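Before any comments, here is the structure.
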Amino acid sequence: MDEKKLVFILAGILLVGFFSMFILIIPWMNWGRQPDWEAVALDNLLMGLVGAAIAYGIYIGSKTM
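Each residue of the sequence shown is one higher than the one before, starting from 10 at the first, in the numbering used here.
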């Protein structure tokens, strides 16, 4: 298997797992209070930026192979 394909497959699995943890698992946890939607939106923005940085790093890393 080509190394670039392997890197993209592993990066895809990593990103799907990262986002599914925050999108699917954490909202199901109910702490018995109403969420602060401003904080939730800010957290989602920060998670998106972190995910984009991870994806960009993996992309640049795969180009230098």
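Every residue gets a Cβ at the ideal spot worked out from N, C-alpha and C, and that includes glycine. Being a predicted model, the structure only gives us computed values, none of them experimental.
Provide the residue span of the alpha helix (DSSP H) that contains Asp45, from first to last.
Numbered from 1 along the sequence shown, position 36 holds the residue referred to as residue 45. No alpha helix (DSSP H) holds Asp45; DSSP gives it neither H nor E.
Between Ser71 and Lys13, is the Cβ-Cβ spacing less than 7 Å?
Counting from 1 along the sequence shown, the entry for residue 71 is found at position 62. Counting from 1 along the sequence shown, the entry for residue 13 is found at position 4. Yes, Cβ-Cβ distance for Ser71 and Lys13 is below 7 Å.
Am I right that Phe17 and Gly60 are in contact with their C-beta atoms under 8 Å? What's the rounded C-beta distance?
As a first step, residue 17 is located in the sequence shown; it is residue number 8 there, counting from the start. As a first step, residue 60 is located in the sequence shown; it is residue number 51 there, counting from the start. Contact doesn't hold; Cβ gap of about 15 Å is too wide.
Can you check whether the CB of Ala20 is closer than 7 Å to the CB of Ile69?
What you label residue 69 is simply residue 60 of the sequence shown in a count that begins at 1. What you label residue 20 is simply residue 11 of the sequence shown in a count that begins at 1. One thing to note: Ile69 has its Cβ no nearer than 7 Å to the Cβ of Ala20.
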